[in-house]
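This report refers to the structure that appears directly beneath it.
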Amino acid sequence: MNCAEFRTRLHPYVDGELPVSETAAADAHGVECRACAELARSEREFRRVLRRQPRDVAPPELRARIVGRVRRQARWRSVPTSSWSADARKGIATSFRETSRHGRWCGAPAS
Ligand SMILES: [Zn+2]
18 MNCAEFRTRL HPYVDGELPV SETAAADAHG VECRACAELA RSEREFRRVL RRQPRDVAPP
78 ELRARIVGRV RRQARWRSVP TSSWSADARK GIATSFRETS RHGRWCGAPA S
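Numbered per the working numbering, the sequence shown finishes at 128, counting up by one with no gaps.
Set out below in structure tokens:
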């Protein structure tokens, strides 16, 4: 294996996804070539650092709000609009109008 072949296979190599024969060839090249060995070492270190990064988790309050909103929307979708009361339809129309006017939802309009 030469440097170009090694570098083409670098990512699957460091991820352990190369066939055994290619892994052996890449290992052998890394023994002979300091530059490619350093490249592989650096790539492994980068992956190790990424794995150690904390995962972003939504605060419980935000998570509960999102789950609640998704559930409400799912419930809305399962109810035919023809069964909505006149007040519900009027409220939705008002909300839509207010949202369109302000570019976003700004709370209930003043009555
Ligand atoms: Zn090399």
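Beta carbons are placed, not taken as given, at the ideal position from N, Cα and C, and that holds for glycine. Quick caveat: nothing in here was measured; it's all calculated off a predicted structure.
Local conformation of residue i per DSSP, three classes
i: residue 38; result: helix
i: residue 47; result: helix
i: residue 33; result: coil
i: residue 128; result: With a pLDDT of only 49 at residue 128, under 50, the local geometry of the prediction cannot be trusted, and the value read off the model is given with reservation. Reduced to three states, the DSSP call for residue 128 is coil.
i: residue 65; result: helix
i: residue 102; result: coil
i: residue 72; result: coil
Where the alpha helix (DSSP H) containing residue i begins and where it ends
i: residue 76; result: Taken as a continuous stretch (DSSP letters only), residue 76 belongs to no alpha helix (DSSP H), as it is neither H nor E.
i: residue 24; result: 20-25
Short CB-CB distance (under 7 Å) between residue i and chain D
i: residue 55; result: In the structure shown, chain D does not exist; there is a single protein chain.
Heavy atom of ligand 1 within 6 Å of residue i beta-carbon
i: residue 23; result: yes
Note to self: Does the contact criterion of 3 or more C-beta pairs under 8 Å hold for the segment 56-65 versus the segment 27-36?
What the structure shows: Taking 8 Å as the limit for Cβ pairs, the verdict is that the segment 27-36 does touch the segment 56-65.
Notebook entry, point to check: With contact counted as at least three CB pairs below 8 Å, one residue from each stretch, are the segment 39-57 and the segment 73-86 in contact?
Noted result: Counting Cβ pairs under 8 Å, fewer than three are found: no touch.
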